[in-house]
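Residue numbering for the sequence shown follows numbering that gives the first Met the number 0, beginning at 0 and increasing consecutively. Glycine is no exception: its CB is placed at the ideal position from the N, C-alpha and C atoms. Okay, structure first, notes after.
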Amino acid sequence: MKSKLLVASGILILASCVRVENRSLQSYLVGNWQLKSMGSDLNGNGSLDSNEVQMTIPDSMGLFTTFQADGKGVANIKINKFNLSSDFRWKVDEATKMVTIVSDSTQLLSALCTTQGAYDMTFALQNGSSSPIGKTLLTYHRK
0 MKSKLLVASG ILILASCVRV ENRSLQSYLV GNWQLKSMGS DLNGNGSLDS NEVQMTIPDS
60 MGLFTTFQAD GKGVANIKIN KFNLSSDFRW KVDEATKMVT IVSDSTQLLS ALCTTQGAYD
120 MTFALQNGSS SPIGKTLLTY HRK
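Structure below.
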């Protein structure tokens with residue numbers, strides 16, 4: 000009985016992982032995300048390795064981004080009693096995995112989604128260079 004339960008649990012876990020990877024980036028992003036760390040991709044692998052982390056964001060310092068299904072979003076910074084929020088519009092190029100955020104007709108940033116998991120994702124901010132080495136990486140956790 001235990002082995003059947005383990006097999007069933009394993010199948011459910013694998014199925015849920017496959018679903019995340021098969022979803023469009025647009026639908027994957029919809030929800031609330033908290034910035035957890037920042038750093039530079041020194042080896043160009045698209046993920047933030049432990050030796051590349053320049054800043055870890057504590058939970059007490061809330062840097063949240065909400066992506067809504069209608070292409071709108073809100074960025075929030077919450078530090079103690081200080082709250083700042085800004086509305087934006089966003090779009091995804093599914094072929095390149097590029098996310099563009101625009102506020103008041105001004106492009107704020109363009110970022111490449113380099114890794115995505117069930118609850119975490121990493122963006123590489125684009126700085127005009129085609130080289131992945133040295134890109135600023137932002138790691139978010141789904142809330």
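Check                                                                                                     : Outcome
Distance CB(Gln-53)-CB(Gly-38) smaller than 9 Å                                                           : yes
Exposure of Gly-72, with buried meaning 16 or more beta-carbon neighbours within 10 Å                     : buried
Extent of the continuous beta strand (DSSP E) to which Gln-53 belongs                                     : 52-55
CA-to-CA distance, Lys-142 to Phe-87, given in whole angstroms                                            : 19 Å
Bounding residues of the beta strand (DSSP E) (the contiguous stretch that carries Tyr-139)               : 135-141
Buried versus exposed call for Met-60 [16 or more other C-beta atoms within 10 Å across all chains shown] : exposed
Residue interval of the alpha helix (DSSP H) (run including Gln-25)                                       : 24-28
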